[in-house]
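Below: the structure, in C-alpha coordinates.
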Amino acid sequence: MSAQPEKLSSDVVAVLATLVAAATVMILNETSLSVALPAVMRDFGINAASAQWLIAVFMLTMAVVIPTTGFLIQRFSTRQIFFSSVGLFIVGTIMGAVAPAFVVLLLGRIVQAAGTALIVPLLMTVMLQMVPLERRGTVMGFIGVVIAVAPATGPTVGGVILEAFTWHAIFLCMLPLLVGVLLLGTKLLSNVGENSTQPIDLISVVLSVVAFGGTVYSLSSLETALDTGDNVGMLVGLLVIAVIALVVFALRQVRLGKKAQALLDLRPFKIRNFSLAVLIALFSFSVLIGTVTMLPLFVQNGLGDGARTAGLIVLPGGVIQAVMSPIIGRVYDSVGPKPIMIPGAFLMAAGTWLFTTIGTETQVWQLVTFHVIFAFGFGLLMTPMMTTALSSLTGELYSHGSAILTTLQQLAAAAGTALLMVILTRGTDAGLAAGLTEAAATSDGVRAAFVVAALMVTVIIPITFFMRRPQATVA
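Taking our numbering, the leading residue of the sequence shown gets 2, the next gets one more, and so forth.
As C-alpha coordinates, then:
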(Lines of atoms letter the chains of each structure in order from A and count residues from 1; the text may use other names and numbers.)
(Lines give C-alpha, C1' and ligand atoms only; values in the text may rest on other atoms or scores of the structure.)
Protein backbone atom coordinates (compact mmCIF):
# COMPACT_ATOMS: atom_id res chain seq x y z
CA MET A 1 0.00 0.00 0.00
CA SER A 2 1.35 3.42 -0.93
CA ALA A 3 2.00 6.11 1.64
CA GLN A 4 -0.77 8.47 2.61
CA PRO A 5 -0.81 11.27 -0.01
CA GLU A 6 -0.03 14.78 1.17
CA LYS A 7 -2.88 17.17 1.86
CA LEU A 8 -3.59 19.82 -0.71
CA SER A 9 -2.11 23.24 -0.01
CA SER A 10 -4.33 26.09 1.12
CA ASP A 11 -3.72 27.87 -2.19
CA VAL A 12 -4.98 24.87 -4.18
CA VAL A 13 -8.03 24.53 -1.92
CA ALA A 14 -8.81 28.25 -2.28
CA VAL A 15 -8.68 28.14 -6.08
CA LEU A 16 -10.79 24.98 -6.33
CA ALA A 17 -13.32 26.18 -3.74
CA THR A 18 -13.84 29.42 -5.67
CA LEU A 19 -14.42 27.59 -8.95
CA VAL A 20 -16.70 25.00 -7.33
CA ALA A 21 -18.83 27.73 -5.72
CA ALA A 22 -19.24 29.51 -9.05
CA ALA A 23 -20.09 26.32 -10.91
CA THR A 24 -22.64 25.27 -8.29
CA VAL A 25 -24.66 28.47 -8.58
CA MET A 26 -24.57 28.44 -12.38
CA ILE A 27 -25.48 24.79 -12.92
CA LEU A 28 -28.21 24.94 -10.27
CA ASN A 29 -29.82 27.75 -12.25
CA GLU A 30 -29.78 25.69 -15.46
CA THR A 31 -32.65 23.44 -14.32
CA SER A 32 -34.29 25.47 -11.53
CA LEU A 33 -36.42 27.40 -14.02
CA SER A 34 -38.05 24.23 -15.41
CA VAL A 35 -40.83 24.17 -12.78
CA ALA A 36 -41.60 27.86 -13.44
CA LEU A 37 -42.51 27.45 -17.10
CA PRO A 38 -46.32 27.43 -16.47
CA ALA A 39 -46.01 30.71 -14.53
CA VAL A 40 -43.88 32.27 -17.29
CA MET A 41 -46.48 31.16 -19.85
CA ARG A 42 -49.25 32.92 -17.91
CA ASP A 43 -47.30 36.13 -17.36
CA PHE A 44 -46.22 36.57 -20.99
CA GLY A 45 -49.21 34.91 -22.67
CA ILE A 46 -47.10 32.35 -24.53
CA ASN A 47 -47.63 28.67 -25.27
CA ALA A 48 -45.68 25.70 -23.91
CA ALA A 49 -43.56 25.37 -27.05
CA SER A 50 -42.32 28.94 -26.68
CA ALA A 51 -41.71 28.62 -22.93
CA GLN A 52 -39.69 25.44 -23.46
CA TRP A 53 -37.14 27.53 -25.32
CA LEU A 54 -35.98 28.91 -21.96
CA ILE A 55 -34.57 25.44 -21.31
CA ALA A 56 -33.61 24.58 -24.88
CA VAL A 57 -31.74 27.83 -25.57
CA PHE A 58 -29.60 27.25 -22.49
CA MET A 59 -28.50 23.86 -23.81
CA LEU A 60 -28.09 25.31 -27.30
CA THR A 61 -25.77 28.08 -26.13
CA MET A 62 -23.78 25.67 -23.97
CA ALA A 63 -23.35 23.35 -26.95
CA VAL A 64 -22.03 26.21 -29.09
CA VAL A 65 -19.64 27.70 -26.51
CA ILE A 66 -18.20 24.62 -24.77
CA PRO A 67 -16.29 23.22 -27.79
CA THR A 68 -14.25 26.44 -27.84
CA THR A 69 -13.26 26.22 -24.17
CA GLY A 70 -10.35 23.85 -24.78
CA PHE A 71 -8.74 26.61 -26.86
CA LEU A 72 -9.88 29.49 -24.63
CA ILE A 73 -8.50 27.95 -21.44
CA GLN A 74 -5.09 27.52 -23.08
CA ARG A 75 -5.19 31.00 -24.64
CA PHE A 76 -6.34 33.10 -21.66
CA SER A 77 -5.51 33.13 -17.95
CA THR A 78 -7.54 31.45 -15.22
CA ARG A 79 -8.66 34.80 -13.79
CA GLN A 80 -9.66 36.14 -17.22
CA ILE A 81 -11.85 33.11 -17.92
CA PHE A 82 -13.33 33.13 -14.40
CA PHE A 83 -14.30 36.80 -14.33
CA SER A 84 -15.67 36.61 -17.88
CA SER A 85 -17.77 33.60 -16.88
CA VAL A 86 -19.18 35.08 -13.66
CA GLY A 87 -19.63 38.50 -15.25
CA LEU A 88 -21.66 37.09 -18.13
CA PHE A 89 -23.79 35.07 -15.73
CA ILE A 90 -24.52 38.09 -13.52
CA VAL A 91 -25.59 40.15 -16.55
CA GLY A 92 -27.84 37.34 -17.76
CA THR A 93 -29.33 36.88 -14.30
CA ILE A 94 -30.19 40.58 -14.00
CA MET A 95 -31.82 40.46 -17.44
CA GLY A 96 -33.94 37.51 -16.32
CA ALA A 97 -34.91 39.10 -13.02
CA VAL A 98 -36.21 42.34 -14.55
CA ALA A 99 -37.36 40.99 -17.94
CA PRO A 100 -40.34 43.08 -19.15
CA ALA A 101 -40.90 40.79 -22.14
CA PHE A 102 -40.28 37.16 -23.02
CA VAL A 103 -37.58 38.01 -25.55
CA VAL A 104 -35.53 39.76 -22.83
CA LEU A 105 -35.88 36.72 -20.58
CA LEU A 106 -34.76 34.50 -23.44
CA LEU A 107 -31.72 36.69 -24.14
CA GLY A 108 -30.88 36.62 -20.44
CA ARG A 109 -30.83 32.81 -20.52
CA ILE A 110 -28.46 32.92 -23.51
CA VAL A 111 -26.04 35.20 -21.65
CA GLN A 112 -26.30 33.02 -18.54
CA ALA A 113 -25.51 29.92 -20.57
CA ALA A 114 -22.45 31.54 -22.15
CA GLY A 115 -21.06 32.15 -18.67
CA THR A 116 -21.93 28.65 -17.47
CA ALA A 117 -20.27 27.05 -20.50
CA LEU A 118 -16.89 28.46 -19.46
CA ILE A 119 -16.88 27.45 -15.81
CA VAL A 120 -17.05 23.63 -15.78
CA PRO A 121 -14.22 22.98 -18.29
CA LEU A 122 -12.15 25.59 -16.41
CA LEU A 123 -12.83 23.85 -13.10
CA MET A 124 -11.90 20.42 -14.48
CA THR A 125 -8.73 21.66 -16.18
CA VAL A 126 -7.49 23.55 -13.14
CA MET A 127 -8.16 20.51 -10.93
CA LEU A 128 -6.10 18.27 -13.21
CA GLN A 129 -3.25 20.79 -13.29
CA MET A 130 -3.13 21.36 -9.53
CA VAL A 131 -4.09 18.01 -7.97
CA PRO A 132 -1.79 14.94 -8.05
CA LEU A 133 -3.14 11.69 -9.49
CA GLU A 134 -3.47 9.96 -6.11
CA ARG A 135 -5.79 12.73 -4.81
CA ARG A 136 -7.93 13.31 -7.88
CA GLY A 137 -10.69 10.90 -6.93
CA THR A 138 -11.29 12.72 -3.66
CA VAL A 139 -11.33 16.13 -5.31
CA MET A 140 -13.46 14.90 -8.20
CA GLY A 141 -15.92 13.60 -5.62
CA PHE A 142 -16.54 17.16 -4.47
CA ILE A 143 -16.74 18.39 -8.05
CA GLY A 144 -19.24 15.60 -8.73
CA VAL A 145 -21.60 17.28 -6.29
CA VAL A 146 -21.70 20.22 -8.71
CA ILE A 147 -21.93 18.34 -11.99
CA ALA A 148 -24.47 15.72 -10.94
CA VAL A 149 -26.35 17.03 -7.92
CA ALA A 150 -26.84 20.68 -8.85
CA PRO A 151 -28.89 20.02 -12.02
CA ALA A 152 -30.84 17.26 -10.29
CA THR A 153 -31.83 19.50 -7.36
CA GLY A 154 -32.51 22.56 -9.50
CA PRO A 155 -36.23 21.76 -9.87
CA THR A 156 -36.50 21.34 -6.09
CA VAL A 157 -34.98 24.76 -5.45
CA GLY A 158 -37.14 26.33 -8.15
CA GLY A 159 -40.27 24.67 -6.79
CA VAL A 160 -39.67 25.88 -3.23
CA ILE A 161 -38.99 29.45 -4.39
CA LEU A 162 -42.06 29.39 -6.62
CA GLU A 163 -44.30 28.38 -3.73
CA ALA A 164 -43.56 31.67 -1.96
CA PHE A 165 -42.61 34.10 -4.73
CA THR A 166 -42.94 34.72 -8.47
CA TRP A 167 -40.56 33.20 -11.01
CA HIS A 168 -38.50 36.44 -10.93
CA ALA A 169 -37.25 35.38 -7.50
CA ILE A 170 -35.46 32.37 -9.03
CA PHE A 171 -33.12 34.88 -10.67
CA LEU A 172 -33.05 37.38 -7.79
CA CYS A 173 -32.00 34.72 -5.28
CA MET A 174 -28.94 33.96 -7.39
CA LEU A 175 -27.57 37.52 -7.40
CA PRO A 176 -26.24 37.71 -3.80
CA LEU A 177 -24.58 34.32 -4.29
CA LEU A 178 -22.99 35.46 -7.55
CA VAL A 179 -21.68 38.69 -6.05
CA GLY A 180 -20.21 36.65 -3.19
CA VAL A 181 -18.51 34.31 -5.65
CA LEU A 182 -17.14 37.28 -7.57
CA LEU A 183 -15.65 38.80 -4.41
CA LEU A 184 -14.26 35.40 -3.42
CA GLY A 185 -12.56 35.09 -6.80
CA THR A 186 -11.09 38.57 -6.54
CA LYS A 187 -9.41 37.66 -3.26
CA LEU A 188 -8.53 33.97 -3.61
CA LEU A 189 -8.21 33.04 -7.27
CA SER A 190 -4.75 32.86 -8.83
CA ASN A 191 -3.69 31.99 -12.37
CA VAL A 192 -2.83 28.35 -13.06
CA GLY A 193 -0.64 27.04 -15.88
CA GLU A 194 0.86 28.82 -18.85
CA ASN A 195 -0.99 30.41 -21.75
CA SER A 196 -0.36 29.86 -25.43
CA THR A 197 -0.34 32.41 -28.24
CA GLN A 198 -2.08 30.10 -30.70
CA PRO A 199 -4.49 31.98 -33.01
CA ILE A 200 -8.07 30.79 -33.22
CA ASP A 201 -9.16 28.88 -36.31
CA LEU A 202 -12.30 30.73 -37.44
CA ILE A 203 -13.33 27.99 -39.87
CA SER A 204 -13.41 25.55 -36.96
CA VAL A 205 -15.53 27.98 -34.95
CA VAL A 206 -18.10 28.25 -37.76
CA LEU A 207 -18.18 24.47 -38.23
CA SER A 208 -18.56 24.02 -34.47
CA VAL A 209 -21.52 26.40 -34.28
CA VAL A 210 -23.28 24.66 -37.17
CA ALA A 211 -22.45 21.15 -35.93
CA PHE A 212 -23.19 21.42 -32.22
CA GLY A 213 -25.69 24.27 -32.32
CA GLY A 214 -27.59 22.71 -35.22
CA THR A 215 -27.71 19.32 -33.53
CA VAL A 216 -29.04 20.64 -30.22
CA TYR A 217 -31.53 22.99 -31.91
CA SER A 218 -32.98 20.33 -34.20
CA LEU A 219 -33.22 17.71 -31.46
CA SER A 220 -34.74 20.16 -28.97
CA SER A 221 -37.36 21.28 -31.50
CA LEU A 222 -38.19 17.89 -32.97
CA GLU A 223 -40.66 16.78 -30.29
CA THR A 224 -42.83 19.87 -30.72
CA ALA A 225 -42.57 19.67 -34.51
CA LEU A 226 -43.68 16.04 -34.56
CA ASP A 227 -46.56 16.91 -32.25
CA THR A 228 -47.82 19.74 -34.47
CA GLY A 229 -46.64 18.46 -37.85
CA ASP A 230 -44.91 21.79 -38.56
CA ASN A 231 -41.31 22.20 -39.75
CA VAL A 232 -40.46 18.49 -39.46
CA GLY A 233 -38.74 18.44 -42.85
CA MET A 234 -36.80 21.58 -42.05
CA LEU A 235 -35.56 20.19 -38.74
CA VAL A 236 -34.55 16.85 -40.25
CA GLY A 237 -32.68 18.75 -42.96
CA LEU A 238 -30.95 20.89 -40.34
CA LEU A 239 -29.97 17.77 -38.41
CA VAL A 240 -28.44 16.26 -41.55
CA ILE A 241 -26.49 19.48 -42.19
CA ALA A 242 -25.33 19.52 -38.56
CA VAL A 243 -24.11 15.92 -38.77
CA ILE A 244 -22.21 16.69 -41.99
CA ALA A 245 -20.68 19.77 -40.34
CA LEU A 246 -19.72 17.61 -37.35
CA VAL A 247 -17.88 15.15 -39.60
CA VAL A 248 -16.05 17.98 -41.41
CA PHE A 249 -15.27 19.61 -38.04
CA ALA A 250 -13.81 16.36 -36.69
CA LEU A 251 -11.66 15.80 -39.78
CA ARG A 252 -10.35 19.37 -39.58
CA GLN A 253 -9.53 19.01 -35.88
CA VAL A 254 -7.58 15.82 -36.56
CA ARG A 255 -5.53 17.63 -39.22
CA LEU A 256 -4.98 20.75 -37.10
CA GLY A 257 -4.19 18.61 -34.07
CA LYS A 258 -1.06 17.31 -35.80
CA LYS A 259 0.21 20.90 -35.79
CA ALA A 260 -1.11 21.67 -32.26
CA GLN A 261 -3.57 24.19 -33.74
CA ALA A 262 -6.90 22.44 -33.16
CA LEU A 263 -9.83 24.34 -31.70
CA LEU A 264 -10.88 21.07 -30.05
CA ASP A 265 -8.08 18.50 -30.03
CA LEU A 266 -9.56 15.01 -30.59
CA ARG A 267 -6.49 13.03 -29.56
CA PRO A 268 -8.13 12.05 -26.23
CA PHE A 269 -10.25 9.57 -28.23
CA LYS A 270 -7.08 7.54 -28.81
CA ILE A 271 -7.09 6.73 -25.09
CA ARG A 272 -9.21 3.67 -24.29
CA ASN A 273 -10.40 4.85 -20.87
CA PHE A 274 -11.49 8.18 -22.33
CA SER A 275 -13.44 6.63 -25.21
CA LEU A 276 -15.22 4.19 -22.90
CA ALA A 277 -16.05 7.03 -20.52
CA VAL A 278 -17.57 9.00 -23.40
CA LEU A 279 -19.94 6.10 -24.13
CA ILE A 280 -20.95 5.91 -20.47
CA ALA A 281 -21.46 9.68 -20.33
CA LEU A 282 -23.63 9.67 -23.46
CA PHE A 283 -26.04 7.05 -22.13
CA SER A 284 -26.07 8.16 -18.49
CA PHE A 285 -26.59 11.88 -19.11
CA SER A 286 -29.26 11.18 -21.74
CA VAL A 287 -31.26 9.31 -19.13
CA LEU A 288 -30.39 11.63 -16.22
CA ILE A 289 -31.71 14.81 -17.84
CA GLY A 290 -34.60 12.92 -19.44
CA THR A 291 -35.62 11.61 -16.02
CA VAL A 292 -35.42 15.04 -14.38
CA THR A 293 -37.64 16.35 -17.20
CA MET A 294 -40.22 13.54 -17.17
CA LEU A 295 -40.76 13.11 -13.44
CA PRO A 296 -42.22 16.62 -12.84
CA LEU A 297 -44.58 16.08 -15.79
CA PHE A 298 -45.73 12.75 -14.39
CA VAL A 299 -46.19 14.09 -10.86
CA GLN A 300 -48.25 17.07 -12.06
CA ASN A 301 -50.20 15.54 -14.97
CA GLY A 302 -50.26 11.89 -13.90
CA LEU A 303 -50.72 12.20 -10.14
CA GLY A 304 -52.24 15.70 -9.99
CA ASP A 305 -49.75 17.10 -7.49
CA GLY A 306 -48.21 20.59 -7.55
CA ALA A 307 -44.88 22.06 -8.62
CA ARG A 308 -43.45 21.87 -5.12
CA THR A 309 -44.07 18.13 -4.85
CA ALA A 310 -42.71 17.66 -8.36
CA GLY A 311 -39.51 19.39 -7.34
CA LEU A 312 -39.17 17.64 -3.98
CA ILE A 313 -39.36 14.18 -5.59
CA VAL A 314 -35.72 14.41 -6.67
CA LEU A 315 -34.42 16.07 -3.49
CA PRO A 316 -33.57 12.93 -1.45
CA GLY A 317 -31.66 11.44 -4.37
CA GLY A 318 -29.78 14.68 -4.81
CA VAL A 319 -28.93 14.85 -1.11
CA ILE A 320 -27.63 11.27 -1.16
CA GLN A 321 -25.46 12.07 -4.17
CA ALA A 322 -24.13 15.18 -2.44
CA VAL A 323 -23.22 13.21 0.68
CA MET A 324 -21.84 10.15 -1.10
CA SER A 325 -19.87 11.81 -3.91
CA PRO A 326 -16.86 12.86 -1.78
CA ILE A 327 -16.85 9.44 -0.08
CA ILE A 328 -16.93 7.72 -3.47
CA GLY A 329 -13.99 9.88 -4.54
CA ARG A 330 -11.90 8.79 -1.56
CA VAL A 331 -12.75 5.13 -2.16
CA TYR A 332 -11.79 5.55 -5.82
CA ASP A 333 -8.31 6.74 -4.81
CA SER A 334 -7.90 3.43 -2.96
CA VAL A 335 -9.51 0.84 -5.24
CA GLY A 336 -9.76 2.38 -8.72
CA PRO A 337 -12.80 2.58 -11.03
CA LYS A 338 -14.23 -0.91 -11.59
CA PRO A 339 -15.24 -1.89 -8.02
CA ILE A 340 -17.33 1.29 -7.86
CA MET A 341 -18.61 1.69 -11.42
CA ILE A 342 -19.91 -1.86 -11.88
CA PRO A 343 -22.37 -1.77 -8.93
CA GLY A 344 -23.21 1.81 -9.90
CA ALA A 345 -24.29 0.74 -13.37
CA PHE A 346 -26.45 -2.06 -11.94
CA LEU A 347 -28.11 0.28 -9.43
CA MET A 348 -28.79 3.00 -12.01
CA ALA A 349 -30.31 0.38 -14.33
CA ALA A 350 -32.40 -1.05 -11.48
CA GLY A 351 -33.77 2.38 -10.58
CA THR A 352 -34.65 3.11 -14.20
CA TRP A 353 -36.41 -0.24 -14.66
CA LEU A 354 -38.43 0.45 -11.50
CA PHE A 355 -39.70 3.65 -13.13
CA THR A 356 -41.26 1.50 -15.87
CA THR A 357 -43.80 0.24 -13.30
CA ILE A 358 -45.29 3.62 -12.30
CA GLY A 359 -48.94 4.53 -12.86
CA THR A 360 -51.82 6.58 -11.51
CA GLU A 361 -51.82 4.57 -8.26
CA THR A 362 -48.12 5.12 -7.62
CA GLN A 363 -47.36 6.81 -4.31
CA VAL A 364 -44.93 9.69 -3.95
CA TRP A 365 -42.75 7.65 -1.58
CA GLN A 366 -42.33 5.03 -4.30
CA LEU A 367 -41.11 7.64 -6.78
CA VAL A 368 -38.69 8.96 -4.18
CA THR A 369 -37.38 5.44 -3.51
CA PHE A 370 -36.92 4.67 -7.20
CA HIS A 371 -35.11 7.95 -7.74
CA VAL A 372 -32.83 7.39 -4.73
CA ILE A 373 -31.71 4.05 -6.22
CA PHE A 374 -31.26 5.69 -9.62
CA ALA A 375 -29.34 8.66 -8.19
CA PHE A 376 -27.09 6.54 -5.99
CA GLY A 377 -26.15 4.40 -8.99
CA PHE A 378 -25.44 7.49 -11.08
CA GLY A 379 -23.27 8.87 -8.29
CA LEU A 380 -21.22 5.66 -8.21
CA LEU A 381 -20.69 6.01 -11.97
CA MET A 382 -20.03 9.72 -12.25
CA THR A 383 -16.95 10.38 -10.11
CA PRO A 384 -14.92 7.32 -11.23
CA MET A 385 -15.90 7.87 -14.87
CA MET A 386 -14.78 11.50 -14.98
CA THR A 387 -11.64 10.92 -12.92
CA THR A 388 -10.53 7.90 -14.95
CA ALA A 389 -11.23 9.55 -18.30
CA LEU A 390 -9.39 12.81 -17.64
CA SER A 391 -6.55 11.36 -15.56
CA SER A 392 -5.70 9.03 -18.45
CA LEU A 393 -4.73 12.05 -20.58
CA THR A 394 -1.46 13.94 -20.80
CA GLY A 395 -1.27 17.51 -19.53
CA GLU A 396 -1.63 19.33 -22.84
CA LEU A 397 -4.92 17.50 -23.47
CA TYR A 398 -6.60 18.26 -20.12
CA SER A 399 -8.57 21.29 -21.31
CA HIS A 400 -9.58 19.58 -24.56
CA GLY A 401 -10.62 16.36 -22.83
CA SER A 402 -12.74 18.33 -20.39
CA ALA A 403 -14.31 20.30 -23.25
CA ILE A 404 -15.09 17.10 -25.18
CA LEU A 405 -16.77 15.43 -22.21
CA THR A 406 -18.78 18.51 -21.30
CA THR A 407 -19.85 19.09 -24.92
CA LEU A 408 -20.99 15.51 -25.36
CA GLN A 409 -22.90 15.67 -22.07
CA GLN A 410 -24.87 18.60 -23.49
CA LEU A 411 -25.52 16.76 -26.76
CA ALA A 412 -26.56 13.66 -24.83
CA ALA A 413 -28.91 15.71 -22.65
CA ALA A 414 -30.55 17.25 -25.72
CA ALA A 415 -30.79 13.98 -27.64
CA GLY A 416 -31.95 11.95 -24.67
CA THR A 417 -34.58 14.46 -23.62
CA ALA A 418 -35.85 14.81 -27.20
CA LEU A 419 -36.10 11.04 -27.68
CA LEU A 420 -37.78 10.34 -24.36
CA MET A 421 -40.19 13.27 -24.68
CA VAL A 422 -41.23 12.13 -28.17
CA ILE A 423 -41.96 8.66 -26.80
CA LEU A 424 -43.81 10.14 -23.81
CA THR A 425 -45.91 12.40 -26.04
CA ARG A 426 -46.73 9.62 -28.50
CA GLY A 427 -47.71 7.29 -25.67
CA THR A 428 -49.87 9.96 -24.05
CA ASP A 429 -51.59 10.81 -27.34
CA ALA A 430 -52.29 7.13 -27.99
CA GLY A 431 -53.84 6.80 -24.55
CA LEU A 432 -56.04 9.87 -25.03
CA ALA A 433 -57.14 8.56 -28.43
CA ALA A 434 -58.12 5.29 -26.75
CA GLY A 435 -60.37 7.16 -24.32
CA LEU A 436 -58.12 7.16 -21.26
CA THR A 437 -58.10 10.01 -18.78
CA GLU A 438 -55.25 12.51 -19.00
CA ALA A 439 -53.65 11.00 -15.90
CA ALA A 440 -53.82 7.44 -17.24
CA ALA A 441 -52.62 8.49 -20.69
CA THR A 442 -49.69 10.40 -19.19
CA SER A 443 -48.78 7.32 -17.16
CA ASP A 444 -48.74 5.19 -20.32
CA GLY A 445 -46.48 7.67 -22.07
CA VAL A 446 -44.08 7.95 -19.15
CA ARG A 447 -43.82 4.18 -18.78
CA ALA A 448 -43.03 3.75 -22.47
CA ALA A 449 -40.32 6.40 -22.27
CA PHE A 450 -38.76 4.81 -19.20
CA VAL A 451 -38.57 1.43 -20.95
CA VAL A 452 -36.32 3.02 -23.58
CA ALA A 453 -34.36 4.83 -20.86
CA ALA A 454 -33.86 1.57 -18.97
CA LEU A 455 -32.52 -0.15 -22.08
CA MET A 456 -30.06 2.72 -22.57
CA VAL A 457 -28.76 2.45 -19.01
CA THR A 458 -28.47 -1.33 -19.25
CA VAL A 459 -25.98 -0.87 -22.10
CA ILE A 460 -23.63 0.85 -19.63
CA ILE A 461 -23.21 -2.29 -17.50
CA PRO A 462 -20.83 -4.26 -19.78
CA ILE A 463 -18.80 -1.13 -20.60
CA THR A 464 -17.86 -0.62 -16.94
CA PHE A 465 -16.03 -3.97 -16.88
CA PHE A 466 -13.41 -2.59 -19.31
CA MET A 467 -12.46 0.58 -17.40
CA ARG A 468 -8.88 0.52 -16.09
CA ARG A 469 -7.13 2.49 -13.38
CA PRO A 470 -5.16 5.34 -15.01
CA GLN A 471 -1.41 5.58 -14.66
CA ALA A 472 0.45 8.79 -13.90
CA THR A 473 0.89 10.94 -16.99
CA VAL A 474 3.48 13.53 -17.85
CA ALA A 475 2.14 17.02 -18.51
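In this text, a Cβ means the ideal position worked out from N, Cα and C, and glycines have one as well.
None of the values given here were measured: they were computed from a predicted structure.
Distances from the CA of A441 to each of G305, P340 and V288 were compared; the closest alpha carbon is that of G305. Taking A37 as the centre and dropping the five residues before and after it, the same chain places the C-beta of G159, L163, W168 and I171 closer than 7 angstroms to its C-beta, in chain order. Rounded to the nearest angstrom, the Cβ distance from P317 to V241 is 42 angstroms, too far for a contact under 8 angstroms.
At a Cβ-Cβ threshold of 8 angstroms, G319 and A282 do not count as neighbours.
Judged by DSSP in its simplified three-state form, N48 adopts coil rather than helix or strand. When the Cα atoms are used, I74 and L398 turn out to be separated by approximately 11 angstroms. Within the model, the alpha-carbon separation for V248 versus V211 is close to 11 angstroms. Scanning its chain for C-beta atoms nearer than 7 angstroms, with the 5 sequence neighbours on each side dropped, one finds around I341 the residues I329, V332, Y333, L381 and P385, in chain order.
With 16 or more other Cβ atoms inside 10 Å of its own Cβ, D445 counts as buried.
Counting only residues of its own chain and dropping the five nearest sequence neighbours on each side, A251 has a CB closer than 7 angstroms to the CB of L267.
Contact between the stretch 51-66 and the stretch 101-109 is present, with at least three C-beta pairs closer than 8 angstroms. For T438, the secondary structure class from DSSP, reduced to helix, strand or coil, is coil. Spatial neighbours of A118 in its own chain (CB-CB distance under 6 angstroms, excluding positions within 5 residues in sequence) are listed in chain order as M63, V66 and I67. Counting other Cβ atoms within 10 Å of its Cβ, T358 stays below 16 and is therefore classed as exposed.
Remark: three or more beta-carbon pairs, one from each stretch, lie closer than 8 angstroms, so the stretch 395-415 and the stretch 119-132 are flagged as touching. In this structure, A419 sits away from M60, with a CB-CB distance that is not shorter than 8 angstroms. For the 8 angstroms CB-CB criterion, G417 and A450 do not form a contact.
CA-to-CA, the gap between E135 and E439 works out to about 53 angstroms.
The shortest C-alpha to C-alpha distance from S326 to any of V336, F143 and Q262 is the one to F143. In its chain, beyond the 5 residues on either side, F72, D202 and S205 have a beta carbon closer than 6 angstroms to the beta carbon of L264.
Runs of alpha helix (DSSP H) with 4 or more residues, each lying fully within the stretch 380-415, are absent. The Cβ-Cβ distance between P156 and E31 does not fall below 8 angstroms. Restricted to the stretch 211-250, the alpha helix (DSSP H) segments that are unbroken, complete and at least 4 residues in length are 215-229, listed in chain order.
Residues M295, F299, G303, I359 and L425 of the same chain have their beta carbon placed closer than 7 angstroms to that of V447, with the five preceding and five following residues left out of the count.
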